[in-house]
Amino acid sequence: MEEDDDYVEYVPVAKRRALEAQKILQRKGKSSALDEEIEKQKLVEAKPSLLVKASQLKKEQPEITQTEQIIMQEKEMIEHLSDRKTLMSVRELAKGITYTEPLLTGWKPPLPIRRMSKKACDAIRKQWHIIVDGDNIPPPIKNFKDMRFPEPILKKLKAKGIVQPTPIQVQGLPVILSGRDMIGIAFTGSGKTLVFVLPLIMIALQEEVMMPIAPGEGPFGLIVCPSRELARQTYEVVEQFLEPMREAGYPELRPLLCIGGVDMKSQLDVVKRGVHIVVATPGRLKDMLAKKKMNLDNCRYLTLDEADRLVDLGFEDDIREVFDHFKAQRQTLLFSATMPTKIQNFARSALKTPPPVLIFCENKADVDDIHEYLLLKGVEAVAIHGGKDQEEREYAIASFKAGKKDVLVATDVASKGLDFPDIQHVINYDMPAEIENYVHRIGRTGRCGKTGIATTFINKNQSETTLLDLKHLLQEAKQRIPPVLAELNDPMEDAEAIANASGVKGCAYCGGLGHRIRDCPKLEHQKSMQIASSRRDYFGSGGYRGEM
């Protein structure tokens, strides 16, 4: 025990030296602790914290006005949406492949047109009210003969009464014939279909002459449409121009209508013989590609007709899968009629209009109710919507086009792309939830320079955002504003300053003029749908413990 009491703890040499140095410093009146505090203080003074730096930078930045803040927010939203919607194949995305040169087509305009100055080209575009954007834009051509189409095509155009090209054809056809990618926007009834059909026929003809297609090969070109009716109509246009070429002794070009609701066997028979041109809806096309009944190895021409509607109807993922089947560079064309710069002026007359008349409804049940009511009243009417089978839909469209029926009652399936000549009156039984659909509905009348009337019923259940869009659309078209719309509280009254600063009038997402992208109901709806879809994917959609 005594030994334990006398025990002295061993202190290492380094520690003893440090203690001795501490004692010396204390004797000199300086404490190392004090020195440390001073050093810390110096460091704080020399290097301010991140919080201080952030506050200083915030003070130094120029004040941003509310308008500039709105523009910045919208720019970020648009960039985010643009990134999400890039349409490229998985192979191209993975390898970072980008194409900078257009496809070579072998087509050249006549020498005088090639030698046209930029000033002369701009003068023609101004005369034809054509707005263009891009690099090295091919010159516009004012007649079909200078576009160097074969004689059978020129004769068929003349037989159909198409003597002079429309503005979209004047600029669009030279661009596509040159092998360039293009986004074409023009009002309904402006002849957009010919803009992508005629160059496709020329490409297919060129490929067939260079190397005839073998059984099971093809297609060389693909047109994707959002609905069966629009696909069938486009296919009929293709056939109209291929028939006179066959009769004139040109090589046979085989088209294929690839849509659902039709027996796949008949479609496969065409593919087995070798197909040059395919007009398709996304569902059936995706099915045939997945089952390897058809391939896109030789396809070098892709058109998305009514491209915005393809995305809106939920076909975006299907289209991405179609892109994955392309093996090489292709010419890509996107066409739409959504929100033209100027809407055609509609006749102000309130006189009762003769047939044909189109009635649009949002719901299938309303279509059936109105159709039944008209039949009971002795009106020759037909109806189409997504719930009817293919045969009924084809009969309705054919009989209405032929003039056998006076009234067509339809959902928005008939509002885009379908060409009904001589429509006198469009009636919207209810206001569409999105202004885009309204534009496409009223575009069924007043086509190709003719006049027509559009009547729309609205009620208190209608979204105020959509009504504001309608108000601004009527203002843009220089139409009379109804009192009920004029009295709406309009948050876009000071929007002119924002539009001038940002260069975007109205909503950059849906094109509505009565709101900005921050308040876009269409964007909000799509976000809600995505959230609901992700929940279903995560939690399952049914079955025992969500296993199905």
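Positions 689 to 1236 (the working numbering) are the ones given, in order, by the sequence shown. The beta carbon of each residue, even a glycine, is placed where N, CA and C say it ideally should be.
Kindly indicate the opening and closing residues of the beta strand (DSSP E) around L1021. 1019-1024
Completely contained beta strand (DSSP E) runs for the region 803-888, where each covers 3 or more residues: 870-873
Give me the Cα-Cα distance between L1156 and L1176, rounded to the nearest whole angstrom. 7 Å
Please identify the residue among P914, K1159, A847 whose C-alpha is closest to the C-alpha of F929. A847
Just grab the DSSP bridge partners of G909 for me. I965, Y989
Note down the Cα distance separating K1089 from I1007, rounded to an integer number of angstroms. 30 Å
Determine which residues share a DSSP beta bridge with A1142 and list them. V1114
Find the nearest neighbour of R1129 within the set K1159, L1162, C1049, judged by alpha-carbon distance. C1049
Candidates G877, M899, I841, L865, of which the one nearest E935 by Cα: I841
Please look up how many angstroms separate the CB atoms of P1237 and P797, rounded, as I've assumed it's under 8 Å. Because the chain spans 689 through 1236 in this model, residue 1237 falls outside it and cannot be assessed.
Buried/exposed call for L918, threshold 16 Cβ in 10 Å: buried
Based on Cα-Cα distance, which residue from E927, V1095, P887 lies nearest to F908? P887
Taking a contact to mean a Cβ-Cβ separation below 7 Å, would you say I1095 touches V1045 in this structure? The sequence given here has Val at residue 1095, not Ile. Cβ atoms of V1095 and V1045: closer than 7 Å.
Cutting at 7 Å between CB atoms, please list the residues of its own chain near H817, excluding the five before and the five after it. P855
Close beta carbons around H964, own chain, < 8 Å, minus the five adjacent residues each side: A892, E895, E896, I901, G906, P907, F908, G909, L941, R942, P943
Buried versus exposed call for A1071 [16 or more other C-beta atoms within 10 Å across all chains shown]: buried
Indicate the three-state DSSP secondary structure (helix, strand or coil) for V925 in the structure shown. helix
For the alpha helix (DSSP H) holding I1205, just list the boundary residues, first then last. Careful: I1205 lies outside any alpha helix (DSSP H) and carries neither H nor E.
Can you find a C-beta in chain C that's less than 7 Å from the C-beta of S1151? Within the model displayed, chain C is absent; a lone protein chain is all it includes.
What does DSSP give as the partner residues of S1047 in its beta bridges? The question names Ser, yet the displayed sequence has Ile at residue 1047. The partner list for I1047 (beta bridge, DSSP) reads V1097, I1115.
Buried or exposed: which applies to V966, given that a residue is buried once 16 or more other Cβ atoms fall within 10 Å of its Cβ? buried
Might you give, ordered along the chain, the residues of its own chain that have their beta carbon closer than 8 Å to the beta carbon of P790, omitting 5 neighbours on each side? S866, G867, R868, D869, Q1019
If you drop the 5 nearest sequence neighbours on each side, which residues of the same chain put their C-beta closer than 6 Å to that of M952? none
Along the chain, which unbroken stretches of the alpha helix (DSSP H) at least 4 residues long are found entirely within the region 928-954? none
Alpha carbon to alpha carbon, how far is T1133 from V851? Give it in angstroms, no decimals. 22 Å
Quick check: what's the CA-CA separation for L1039 versus H1113? Low confidence applies here, because L1039 scores a pLDDT of 23, under 50, leaving its location unreliable and the question unanswered by this model.
Would you kindly work out how many angstroms separate the C-alpha atoms of T786 and A1016, rounded to a whole number? 11 Å
Does DSSP put V699 in a helix, in a strand, or in coil? coil
Quick one: is Q744 buried, meaning 16 or more other Cβ sit within 10 Å of its Cβ, or exposed? exposed
Proximity winner among R920, V858, R802, N824, relative to K814 (alpha-carbon distances): V858
Closest to V1101 by C-alpha separation, out of L998, Q761, V950, would be which residue? L998
Cβ-based neighbour list, C809, same chain, cut-off 7 Å, excluding 5 preceding and 5 following: P827, P828
Using a 10 Å radius around the Cβ and a threshold of 16 neighbouring Cβ atoms, would you call Y877 buried or exposed? Residue 877 is actually Gly in this sequence, not Tyr. Buried.
Who are the near neighbours of E1009 in its chain, counting only those whose CB is closer than 6 Å to its CB and skipping five residues on each side? K974
Pull up the distance between the alpha-carbon of F837 and that of I889, whole angstroms please. 10 Å
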